[in-house]
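Trainee: Dropping the structure in here first, questions after.
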């Protein structure tokens with residue numbers, strides 16, 4: 331069994347952003363030389379997500395509005411977590427969108443349906459944060 | 331390390347449906363001959379989910395009502411995604427229910443608790459869509 | 331490829347509780363002798379979650395309030411599932427927080443960012459329930 335590990339770094343310009351990281355993960359897979367196995371891609375921070383959905387800008391605006399409705403950022407003092415911090419909403423939003431994805435590797439490729447794309451979902455940005463790519467297989 | 335891959339196809343009669351696919355995944359596992367490892371089961375489309383919960387019809391009606399409350403289908407024009415499409419709500423519902431499950435394989439069996447069952451959750455059906463089953467192990 | 335399996339048992343004092351199980355999973359990893367691979371940690375019951383977030387008590391109180399807002403326990407008769415049971419809300423809460431986490435193993439350690447901790451999220455407790463830890467790798 332082979333294994334491969336890489337960290338991807340991000341520093342988003344806004345508090346909340348969605349970044350398509352599919353090409354980065356494809357590069358990792360090519361570098362790994364793994365032909366059959368599984369890729370794990372996870373946020374290493376607890377106020378961010380890695381998820382799979384469509385790369386469509388209207389949809390991403392819908393994500394923003396919807397997550398703000400489910401777990402609003404403000405007023406900051408509605409959350410017990412926010413005594414010295416202001417990011418409780420980011421911890422909640424990440425629970426809806428999830429920490430990680432696991433993707434099959436088949437014939438050296440991400441084994442995806444027609445519209446699947448991997449995104450980094452940042453909910454408390456404007457600082458350096460990381461995503462882990464771990465691949466195991468043969 | 332062995333690996334196995336199969337696509338399961340669905341064409342649900344309604345826009346939204348829940349289908350118990352546990353027997354299909356068990357058949358895949360038997361076919362794979364893998365005794366110890368991991369099974370990944372994921373929707374290949376971004377308006378559908380694969381998840382694990384109880385096979386209880388009242389609960390599935392509760393799922394439908396609850397998801398419609400969290401991410402209502404209508405009015406379609408409340409979503410930016412819906413300029414040429416009408417399925418933004420399906421993209422959101424899938425974020426709550428998730429894309430995939432990873433299940434342990436132990437002694438050639440899905441290593442499940444007493445009530446765990448795998449479901450395909452369709453949120454934009456009435457057309458052909460796929461689920462991927464990928465198994466790795468020995 | 332090596333594989334390792336262990337069940338962790340819980341009997342929480344309240345209907346809803348969050349328990350940090352990171353040390354338990356670290357013990358499993360040490361016991362397994364696996365240096366490179368993946369750990370799957372999943373609730374074996376469908377009214378509980380395993381998830382990764384921050385070990386901060388204010389945040390856990392926010393989780394409780396927020397989940398009760400998204401999927402309130404009472405009145406019990408608002409849910410079709412609750413004809414002989416009263417735990418439909420627990421099935422829904424578990425869908426938000428998820429069933430499982432998959433964590434990379436690198437150099438015999440859980441490959442975590444600075445604040446990542448694994449939690450058992452109980453939504454229908456006061457009885458014995460289990461979590462599965464499955465590790466595969468070399």
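Residue numbers (the working numbering), protein chains in the order written: chain Z, 331 to 468; chain S, 331 to 468; chain A, 331 to 468.
For glycine and all other residues, C-beta sits at the position ideal for the given N, C-alpha and C.
None of the values given here were measured: they were computed from a predicted structure.
1. Between the segment 424-446 of chain A and chain S, which residues of the former have CB atoms less than 7 Å from a CB of the latter, in chain order?
2. Can you grab the Cα-Cα spacing for the pair residue 396 (chain S) / residue 406 (chain S), in whole Å?
3. Per DSSP, residue 340 (chain A) forms a beta bridge with which residues?
4. Could you tell me whether the Cβ atoms of residue 466 (chain A) and residue 380 (chain A) are closer together than 8 Å?
5. Near residue 458 (chain Z), which residues of its chain fall below 8 Å by C-beta distance, leaving aside the five closest residues on each side in sequence?
6. With distances taken between CB atoms, is the gap from residue 418 (chain A) to residue 412 (chain A) smaller than 8 Å?
7. Which bits of chain S does residue 391 (chain Z) rub up against, with CB to CB less than 7 Å?
8. With the cut-off set at 8 Å, would you say residue 451 (chain A) and residue 427 (chain A) are in Cβ contact?
9. What do you get for residue 372 (chain Z), buried or exposed, if any count of 16 or more other CB atoms within 10 angstroms of its CB means buried?
10. When burial is assigned at 16 or more other CB atoms within 10 Å of the CB, is residue 383 (chain S) buried or exposed?
11. What is the DSSP secondary structure of residue 423 (chain Z), reduced to helix, strand or coil?
12. Which residue from A:357, A:378, A:334 puts its Cα closest to that of residue 430 (chain A)?
13. Could you give the first and the last residue of the continuous beta strand (DSSP E) run that contains residue 451 (chain Z)?
14. Kindly say whether residue 421 (chain A), judged by its beta-carbon, lies nearer than 8 Å to any beta-carbon of chain S.
15. Give a yes or no on whether the C-beta atoms belonging to residue 336 (chain Z) and residue 433 (chain Z) are separated by under 8 Å.
16. I'd like to confirm the pairing. Which residues does DSSP put opposite residue 439 (chain Z) in its beta bridges?
17. I need the straight-line Cα distance from residue 390 (chain S) to residue 435 (chain Z), nearest angstrom please.
18. What in chain A is Cβ-close to residue 337 (chain S), meaning under 9 Å?
19. Taking only the alpha-carbon atoms, compute the straight-line gap between residue 385 (chain A) and residue 376 (chain S) and give it to the nearest angstrom.
20. Could you tell me whether the Cβ atoms of residue 331 (chain A) and residue 468 (chain S) are closer together than 8 Å?
21. What residues of chain S sit near residue 383 (chain Z), judged by a beta carbon separation below 8 Å?
22. Return no unless some Cβ of chain A is closer than 8 Å to the Cβ of residue 333 (chain Z).
23. Whose Cβ in chain A lies nearer than 8 Å to the Cβ of residue 467 (chain S)?
24. Is residue 401 (chain S) buried or exposed, if buried means 16 or more other CB atoms sit within 10 Å of its CB?
25. State the DSSP-derived secondary structure class of residue 354 (chain A), mapped to helix, strand or coil.
26. If you follow the alpha helix (DSSP H) that residue 306 (chain Z) is part of, which residue opens it and which one closes it?
27. According to DSSP, is residue 407 (chain A) helix, strand or coil?
Mentor: In this structure, then:
1. 425, 426, 428, 429, 430, 432
2. Counting from one through the second chain, the residue named residue 396 (chain S) turns up at place 66. Counting from one through the second chain, the residue named residue 406 (chain S) turns up at place 76. Approximately 18 Å between the Cα atoms of the pair.
3. Translated into positions along the third chain, residue 340 (chain A) becomes position 10. Residue 340 (chain A) pairs with A:459.
4. The residue you call residue 466 (chain A) lines up with position 136 of the third chain. The residue you call residue 380 (chain A) lines up with position 50 of the third chain. No, these two residues do not count as a Cβ contact at 8 Å.
5. Within the first chain, numbered from 1, the residue matching residue 458 (chain Z) stands at position 128. Closer than 8 Å at the Cβ level, and outside the excluded window around residue 458 (chain Z), lie 339, 340, 341.
6. Taking the first residue of the third chain as 1, we reach residue 418 (chain A) at position 88. Taking the first residue of the third chain as 1, we reach residue 412 (chain A) at position 82. Closer than 8 Å, so yes.
7. Here residue 391 (chain Z) refers to the residue found at position 61 when the first chain is read from its first residue. Those within 7 Å of residue 391 (chain Z) in chain S are 410.
8. In the third chain, the residue the question calls residue 451 (chain A) occupies position 121. In the third chain, the residue the question calls residue 427 (chain A) occupies position 97. Their beta carbons are under 8 Å apart, which means residue 451 (chain A) touches residue 427 (chain A) by this criterion.
9. Along the first chain, one-based indexing puts residue 372 (chain Z) at 42. Buried: at least 16 other Cβ atoms inside 10 Å.
10. Here residue 383 (chain S) is taken as the residue at index 53 of the second chain, counted from 1. By the neighbour-count rule (16 or more Cβ atoms within 10 Å), residue 383 (chain S) is buried.
11. As a working mapping, residue 423 (chain Z) is identified with position 93 in the first chain. Residue state, collapsed to three classes: helix.
12. For the purposes of this step, residue 430 (chain A) is taken as residue 100 along the third chain, with counting starting at 1. Scanning A:357, A:378, A:334 for the CA closest to the CA of residue 430 (chain A) turns up A:378.
13. One-based indexing of the first chain puts residue 451 (chain Z) at position 121. 447-452 is the extent of the beta strand (DSSP E) around residue 451 (chain Z).
14. The residue given as residue 421 (chain A) occupies position 91 in the third chain. So yes, residue 421 (chain A) belongs to the interface.
15. Counting from 1 along the first chain, the entry for residue 336 (chain Z) is found at position 6. Counting from 1 along the first chain, the entry for residue 433 (chain Z) is found at position 103. Cβ atoms of residue 336 (chain Z) and residue 433 (chain Z): not closer than 8 Å.
16. Position 109 of the first chain, counted from the start, is the residue given in the question as residue 439 (chain Z). DSSP lists Z:436 as partners of residue 439 (chain Z).
17. As a first step, residue 390 (chain S) must be located in the second chain, where it is residue number 60. As a first step, residue 435 (chain Z) must be located in the first chain, where it is residue number 105. In a straight line, the C-alpha of residue 390 (chain S) is about 32 Å away from that of residue 435 (chain Z).
18. Within the second chain, residue 337 (chain S) is the residue found at index 7, counting from 1. Here the premise fails: no neighbours, minimum Cβ distance about 22 Å.
19. Here residue 385 (chain A) is taken as the residue at index 55 of the third chain, counted from 1. Here residue 376 (chain S) is taken as the residue at index 46 of the second chain, counted from 1. Cα to Cα, the separation comes out at about 32 Å.
20. Taking the third chain and counting its residues from 1, one reaches residue 331 (chain A) at position 1. Taking the second chain and counting its residues from 1, one reaches residue 468 (chain S) at position 138. Contact: yes.
21. Here the question's residue 383 (chain Z) lines up with position 53 in the first chain. The contacting residues are 376, 421, 424, 425.
22. Locating residue 333 (chain Z) in the first chain gives position 3, where the first residue counts as 1. Chain A, which has a Cβ nearer than 8 Å to the Cβ of residue 333 (chain Z), makes this yes.
23. As a first step, residue 467 (chain S) is located in the second chain; it is residue number 137 there, counting from the start. Result: 331, 333, 466.
24. Translated into positions along the second chain, residue 401 (chain S) becomes position 71. Buried is the call here.
25. What you label residue 354 (chain A) is simply residue 24 of the third chain in a count that begins at 1. Looking at residue 354 (chain A) - three-state DSSP - the assignment turns out to be helix.
26. No information on residue 306 (chain Z) is available, as it lies outside the stretch 331 to 468 that chain Z covers here.
27. In the third chain, residue 407 (chain A) corresponds to position 77, counting from 1. In this structure, residue 407 (chain A) counts as helix in the three-state DSSP scheme.
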